[in-house]
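**Q** Sharing a structure, written as structure tokens. Questions coming.
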Amino acid sequence: MNTSTVETQSPSATSATVSDEILLVQLSDGRAISVPLAWYPRLVHGTIAERNRWRLVGNGRGIHWPDLDEDISVDNLLSGKPSGESQGSLKRWLEMRSQGKNGNN
């Protein structure tokens, strides 16, 4: 028996929109995926300006928010994986923010 295999490549991100409740990512294959913002605590704690300042990385394989030191991959979004950041790491980041440090060190 012969089996045909087709290599599939995950779509890339083309844009991102962050509201108070969801992260909406437009994909190169025409789909859009939305996930609860609560999955990404750094985005939850970011200001509107910080949330709106993002860039595509890895040819759209991921999205980076420089002011929040947050990176989210398209593959994780498609797999339904929320942030893997530990509570300790988030707590340290929030403490640094409250002290006026950007947390990108």
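Just so you know, the sequence shown maps onto residues 1 to 105 in the UniProt record's numbering.
The beta-carbon is built from N, C-alpha and C at its ideal position, and this holds for glycine as well.
As the structure is a computational prediction, the values presented were derived from the model and not from experiment.
(1) For a test of the three-state rule: what should DSSP assign to residue 68, helix, strand or coil?
(2) Considering only the alpha carbon of each residue, which of 25, 96, 94 and 80 lies closest to residue 52?
(3) Given this structure, state the Cα-to-Cα distance separating residue 38 from residue 23, to the nearest angstrom.
(4) Give the C-beta separation of residue 43 and residue 68 to the nearest angstrom, bearing in mind that I take them to be a contact with Cβ-Cβ under 8 Å.
(5) In terms of DSSP beta bridges, what is residue 17 paired with?
(6) Return the chain-ordered list of same chain residues with a C-beta closer than 7 Å to the C-beta of residue 10, the five sequence neighbours on each side being excluded.
(7) Which residue from 48, 95, 63 and 30 puts its Cα closest to that of residue 21?
(8) Rounded to the nearest angstrom, what separates residue 45 and residue 62 at their Cα positions?
(9) Could you give the distance in angstroms between the alpha-carbon of residue 15 and the alpha-carbon of residue 70?
(10) With 16 other CB atoms within 10 Å as the buried threshold, where does residue 32 fall?
**A** Well, looking at it:
(1) coil
(2) 25
(3) 9 Å
(4) 7 Å
(5) 24
(6) 74, 75 and 78
(7) 48
(8) 20 Å
(9) 16 Å
(10) exposed
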